[in-house]
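Residue numbers for the sequence shown, in my numbering: 13 to 286.
Yeah, the Cβ is synthetic: ideal placement off N, Cα and C, and Gly gets one too.
Quick caveat: nothing in here was measured; it's all calculated off a predicted structure.
Encoded as structure tokens, the structure appears first; notes follow it.
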Amino acid sequence: MNTTYTAPRRLIKTPEEIEKMRVAGKLAAEVLDMIKPHIKAGVSTLELDTICRNHIENVQQAIPACVGYGAAPGRPAFQHSICTSVNHVVCHGIPSENKILKNGDILNIDVTVIKDGYHGDTNMMYVVGGETSILANRLCSVAQEAMYRGMATVKDGSYLGDIGHAIQQYVESERFSVVREYCGHGIGNVFHDEPQVLHYGQKGTGMRLEAGMTFTIEPMVNAGVWQTKLLGDKWTVVTKDHKLSAQYEHTILVTQTGIEVLTARPEEDLSRFM
Numbered sequence: 013m014n015t016t017y018t019a020p021r022r023l024i025k026t027p028e029e030i031e032k033m034r035v036a037g038k039l040a041a042e043v044l045d046m047i048k049p050h051i052k053a054g055v056s057t058l059e060l061d062t063i064c065r066n067h068i069e070n071v072q073q074a075i076p077a078c079v080g081y082g083a084a085p086g087r088p089a090f091q092h093s094i095c096t097s098v099n100h101v102v103c104h105g106i107p108s109e110n111k112i113l114k115n116g117d118i119l120n121i122d123v124t125v126i127k128d129g130y131h132g133d134t135n136m137m138y139v140v141g142g143e144t145s146i147l148a149n150r151l152c153s154v155a156q157e158a159m160y161r162g163m164a165t166v167k168d169g170s171y172l173g174d175i176g177h178a179i180q181q182y183v184e185s186e187r188f189s190v191v192r193e194y195c196g197h198g199i200g201n202v203f204h205d206e207p208q209v210l211h212y213g214q215k216g217t218g219m220r221l222e223a224g225m226t227f228t229i230e231p232m233v234n235a236g237v238w239q240t241k242l243l244g245d246k247w248t249v250v251t252k253d254h255k256l257s258a259q260y261e262h263t264i265l266v267t268q269t270g271i272e273v274l275t276a277r278p279e280e281d282l283s284r285f286m
């Protein structure tokens, strides 16, 4: 049975679209750098959201994609500019004045910026106070390296399954687990588009990747089991066993020979993708 398929033509971006994606990606990366000095013990996650929203709207003259996003039957729209996921929160943590950061916490900030109709989506981990447990440090490092290993498989002619396979093999070799219920996604003038980018799977399966495609790779890595639980607010996702979780995300462009990282941050060593 054939387990591969080609991408719909609409997923291949034009040069003009790619340039807009570069701009949006750069702005999203800038938010993650801008917020770093504000992340410290005693600060609420709502304060961080307020700072990010002000920067996106008033400095970047852009739109925070998450504000008003995702209303569905039984679920309210998300009302903040960033997701703030602390410790055992896997993703989609809601900023709150009641969530006060403590030294040693690990925090993920996920931001998506819209500029001229196109989206840049990225996230990263921060250690509050600069020091945390050996386990938490290792978990964050593995999550970032897992993202990079998935990215390293991508080029014109590779397959979606190659990404998930590389991530899963690495994470499980480090005795951690990969979340199954949430995944990366196509992105452009639509926030969440085809394809779904699973962070587990088999090499040589799924959609055949082509130069000009843009999508996110964003593995969620748990210290314990991979299963998760959705809280009553219908947004916040936590680990089922209450153990730590970490995540990193980039928006990438597929090229003939590899990738261009559209949400690269200045301090990041991306030489392996050059």
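*Considering only C-alpha positions, which residue in the set E69, G86, Q91 and A84 is nearest to C289?*
The chain is shown from 13 up to 286; residue 289 falls before or after that span and cannot be answered.
_Contact set for Y212: own chain, Cβ-Cβ below 6 Å, skip 5 residues either direction_ = Stepping through the sequence shown from its first residue, residue 212 is reached at position 200. Contacts found: G176, Q180 and V190.
*Give the single residue among A83, K255, T62 and I51 whose Cα lies nearest to the Cα of G141.*
Residue mapping note: residue 141 aligns to position 129 of the sequence shown, counting from 1. Nearest option by C-alpha distance: I51.
*Compare the C-alpha of I75 against each of G236, I94 and K127 and name the closest.*
The residue given as residue 75 occupies position 63 in the sequence shown. Out of G236, I94 and K127, K127 has the C-alpha closest to the C-alpha of I75.
_L60 beta carbon less than 8 Å from that of L151_ = Here residue 151 corresponds to residue number 139 of the sequence shown, with the count starting at 1. Here residue 60 corresponds to residue number 48 of the sequence shown, with the count starting at 1. Not closer than 8 Å, so no.
*asked:* For L242, which residues in the same chain have their Cβ closer than 7 Å to its Cβ, ignoring the five residues on either side in sequence?
replied: By 1-based counting over the sequence shown, the position of residue 242 is 230. These residues qualify, in order along the chain: V249.
*Own chain partners of T133 with C-beta closer than 6 Å, once the 5 adjacent residues on each side are dropped*: Working through the sequence shown from its first residue, we reach residue 133 at position 121. Per the sequence shown, residue 133 should be read as Asp rather than Thr. If we look at D133 and ignore the five residues flanking it on each side, its Cβ neighbours are T124, I199, T228 and T263.
*Contact between the segment 84–100 and the segment 28–38: three or more CB pairs below 8 Å?*
no
_Segments assigned beta strand (DSSP E), at least 3 residues, entirely inside the segment 113–173_ = Fully contained in the segment 113–173 are the following beta strand (DSSP E) runs of length 3 or more, in chain order: 118–127 and 130–139.
*Less than 8 Å separating the beta-carbons of L119 and Y171?*
Counting from 1 along the sequence shown, the entry for residue 119 is found at position 107. Counting from 1 along the sequence shown, the entry for residue 171 is found at position 159. Not a contact, by the Cβ cut-off of 8 Å.
_Cα-Cα separation between G54 and Y260, rounded to whole angstroms_ = For the purposes of this step, residue 54 is taken as the residue at position 42 of the sequence shown. For the purposes of this step, residue 260 is taken as the residue at position 248 of the sequence shown. Distance between the alpha carbons of G54 and Y260 is about 24 Å.
*asked:* Does V71 come out as helix, strand or coil in the three-state DSSP assignment?
replied: By 1-based counting over the sequence shown, the position of residue 71 is 59. Looking at V71 - three-state DSSP - the assignment turns out to be helix.
*Please say whether G116 and S97 have beta carbons closer to each other than 8 Å?*
On the sequence shown, residue 97 is found 85 positions in, with the first residue counted as 1. On the sequence shown, residue 116 is found 104 positions in, with the first residue counted as 1. It is not a contact, given that the beta carbons lie outside the stated cut-off.
*Just grab the DSSP bridge partners of Y81 for me.*
Position 69 of the sequence shown, counting from 1, holds the residue named residue 81. Bridge partners of Y81: F90.
*So which of H104, V154, T269 and C95 has the shortest CA-CA distance to A164?*
As a first step, residue 164 is located in the sequence shown; it is residue number 152 there, counting from the start. Nearest C-alpha to A164: T269.
_Beta-carbon proximity list for M46, same chain, < 7 Å, skipping 5 on both sides_ = If you number the sequence shown from 1, residue 46 lands on position 34. These residues qualify, in order along the chain: H67.
_Through-space distance from N135 to I106, alpha-carbon basis_ = The residue given as residue 106 occupies position 94 in the sequence shown. The residue given as residue 135 occupies position 123 in the sequence shown. Their backbone Cα atoms lie some 15 Å apart in a straight line.
*Residue range of the beta strand (DSSP E) that includes T26*: For this step, residue 26 is matched to residue 14 along the sequence shown. That residue, T26, is in no beta strand (DSSP E); it is neither H nor E in DSSP.
_Cβ-based burial, H290 [other Cβ within 10 Å; buried from 16]_ = The displayed coordinates of the chain run from 13 to 286. Any statement about residue 290 would go beyond what the structure contains.
*Taking the alpha helix (DSSP H) that E59 falls in, what are its first and last residues?*
For the purposes of this step, residue 59 is taken as residue 47 along the sequence shown, with counting starting at 1. Taken as a continuous stretch (DSSP letters only), the alpha helix (DSSP H) holding E59 covers T57 to N66.
*Classify P49 as helix, strand or coil using the three-state DSSP reduction.*
Here residue 49 refers to the residue found at position 37 of the sequence shown. The answer is helix: DSSP assigns P49 an H, G or I state.
*What is the DSSP secondary structure of K246, counted as helix, strand or coil?*
Position 234 of the sequence shown, counted from the start, is the residue given in the question as residue 246. Of the three classes helix, strand and coil, the one that applies to K246 here is coil, per DSSP.
*Closest Cα partner of I30 within the set S283, E272 and F285*: Here the question's residue 30 lines up with position 18 in the sequence shown. Comparing Cα positions, the closest option is E272.
*Could you tell me if Q239 is buried or exposed, where buried requires 16 or more neighbouring beta carbons within 10 angstroms of its beta carbon?*
Position 227 of the sequence shown, counted from the first residue, corresponds to residue 239. Label assigned to Q239: exposed.
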